[in-house]
Amino acid sequence: MATEREQMSKMNEDASLLQKPITYGNIFGAVGKLGSDSVLPEDAALMQSAEARTFGQTQKDGAASVMQAAAELNVKAGFVEKDAHSQVAEKGVMAQEILVPGAEIDVEYIAGQPVIANVKPTPVDPFLVAQDAVTIGDALEAAAVGSGQRPVEDSDARAIQSAVARATGAPPTAGSLAAAAMSAAELNPRVPNADKTTLADILMDATIDLEADKTVTQEDAAKVLDAEMRGSPTGEPLPGGVAAAMQAAADINERAGLIEPASGDHPRAFPFEDTPVLPQEQDAFTPEIENTPKPASGEEKAPSSPTLASREKVHAKED
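Rendered as structure tokens:
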């Protein structure tokens, strides 16, 4: 991150070194339409606000600081207007904090795509750390906290059904969490907003309601992610949803040595802290920038509760 900042600082002194606008593909390895979008000052301001709302302050090595540096270069080089409006502002940005036993996971999203993730150890009762791994029930309860007030959609129901099947080793039964989620996803589009069933309604007591439970593995997380994406209209997982919570749990269990490491590449709900998100194009920079930034580092302390908790803030452009 320091090297990238130094190179951006040097380029800022001579914006003529910039051959074309800096995009989200350059700085975060974003894909699709977002990957080709130029970084604008408005986007950086939105992410600064999202970080402040979630973490209590903007992050020194967070997404906002990288976006601000890139946006300033784009403006100075004359590629974008200082007050230009972007699709990122329309789709919004988000900073999310997921708390699990022994760690805090901070994830930042731009237009629904995860761009930075950081895992930080947190103190918990040593007895609890030694005794317990993060289970599927814990992960489902984390999703209930993180996105609890959002009505259940088809992608949620599919993810929950997959998670329950992984936990119990059996198809969904009448009255189970999976059955309740599928029923809610089918009914919600036909009822007023006030009557819609939310994720919290279904998952808040998942550890109690599950007929059986198990430690979350990387395979579990990948299967749930696949199910969630199959039910999504965009083919993408929902930020802070069931798949993201499952991935967070699997990563914590792997770091603690409680599960076998993932073998080979598999789909992930968000980038792992130590896996660089390589830019898809680097020819926008002269000289070439070496790597993506290190993950964000928040300052907020995790609560002492050993159960999963999650908190997210979404910040879109204000009128």
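For the sequence shown, position 298 matches number 298 in full-length UniProt numbering, and the numbering has no gaps at all. The beta carbon of each residue, even a glycine, is placed where N, CA and C say it ideally should be.
query = Expressed to the nearest angstrom, what Euclidean distance is found between the alpha-carbon atoms of residue 245 and residue 183?
reply = Position 245 of the sequence shown, counted from the start, is the residue given in the question as residue 245. Position 183 of the sequence shown, counted from the start, is the residue given in the question as residue 183. Rounded to whole angstroms, the separation of the alpha carbons of residue 183 and residue 245 is 22 angstroms.
message = Would residue 134 and residue 252 qualify as a contact pair, given that the criterion is a beta-carbon distance under 7 angstroms?
response = One-based indexing of the sequence shown puts residue 134 at position 134. One-based indexing of the sequence shown puts residue 252 at position 252. In terms of Cβ geometry, residue 134 and residue 252 form a close pair [threshold 7 angstroms].
query = So, residue 28 versus residue 115, is the Cβ gap smaller than 7 angstroms?
reply = Here the question's residue 28 lines up with position 28 in the sequence shown. Here the question's residue 115 lines up with position 115 in the sequence shown. Going by beta carbons, residue 28 and residue 115 fall inside the 7 angstroms limit.
ask   = How would you label residue 260, buried or exposed, when you count the other beta carbons within 10 angstroms and need 16 or more for buried?
value = If you number the sequence shown from 1, residue 260 lands on position 260. Exposure of residue 260 is indicated by the presence of fewer than 16 other C-beta atoms within 10 angstroms of its C-beta.
query = Are the stretch 60-68 and the stretch 40-50 in contact at 8 angstroms, needing three or more beta carbon pairs?
reply = Contact between the stretch 60-68 and the stretch 40-50 is present, because at least three Cβ pairs lie under 8 angstroms.
request  = Please state whether DSSP places residue 155 in a helix, a strand or coil.
outcome  = Counted from its first residue, the sequence shown places residue 155 at position 155. For residue 155, the secondary structure class from DSSP, reduced to helix, strand or coil, is helix.
task = State the Cα-Cα distance for the pair residue 201 and residue 69, rounded to the nearest angstrom.
result = Stepping through the sequence shown from its first residue, residue 201 is reached at position 201. Stepping through the sequence shown from its first residue, residue 69 is reached at position 69. Distance between the alpha carbons of residue 201 and residue 69 is about 42 angstroms.
key: Straight-line Cα distance separating residue 192 from residue 71   = Mapped onto the sequence shown, residue 71 falls at position 71. Mapped onto the sequence shown, residue 192 falls at position 192. Answer to the nearest angstrom: the Cα atoms are 42 angstroms apart.
query = Roughly how many whole angstroms lie between the Cα atoms of residue 263 and residue 222?
reply = To locate residue 263, count along the sequence shown from 1; it is residue 263. To locate residue 222, count along the sequence shown from 1; it is residue 222. Here the alpha carbon of residue 263 sits roughly 12 angstroms from the alpha carbon of residue 222.
key: For residue 190, the first and last residue of its enclosing alpha helix (DSSP H)   = To locate residue 190, count along the sequence shown from 1; it is residue 190. From DSSP, residue 190 is part of no alpha helix (DSSP H); its letter is neither H nor E.
task = Check the DSSP bridge columns for residue 51 and list the partner residues they point to.
result = Translated into positions along the sequence shown, residue 51 becomes position 51. Beta bridge pairing from DSSP links residue 51 with no other residue.
Meets three-Cβ-pair contact criterion under 8 angstroms: the stretch 136-149 and the stretch 231-240 = Three or more pairs of CB atoms, one per stretch, sit closer than 8 angstroms, so the stretch 136-149 contacts the stretch 231-240.
key: Rounded separation between residue 166 and residue 179 - CA only   = Within the sequence shown, residue 166 is the residue found at index 166, counting from 1. Within the sequence shown, residue 179 is the residue found at index 179, counting from 1. Distance between residue 166 and residue 179, taken at the CA atoms: about 15 angstroms.
task = Would you list, in sequence order, the uninterrupted alpha helix (DSSP H) runs of no fewer than 4 residues that lie entirely inside the UniProt domain "SMP" (197-256)?
result = Counting only runs of at least 4 residues, the UniProt domain "SMP" (197-256) fully encloses the following alpha helix (DSSP H) elements, listed from N- to C-terminal order: 199-203, 206-209, 218-230 and 242-255.
request  = Taking residue 37 as the reference, give the member of 60, 86, 73 and 17 with the closest Cα.
outcome  = As a first step, residue 37 must be located in the sequence shown, where it is residue number 37. Of the residues 60, 86, 73 and 17, the one whose Cα lies closest to the Cα of residue 37 is 86.
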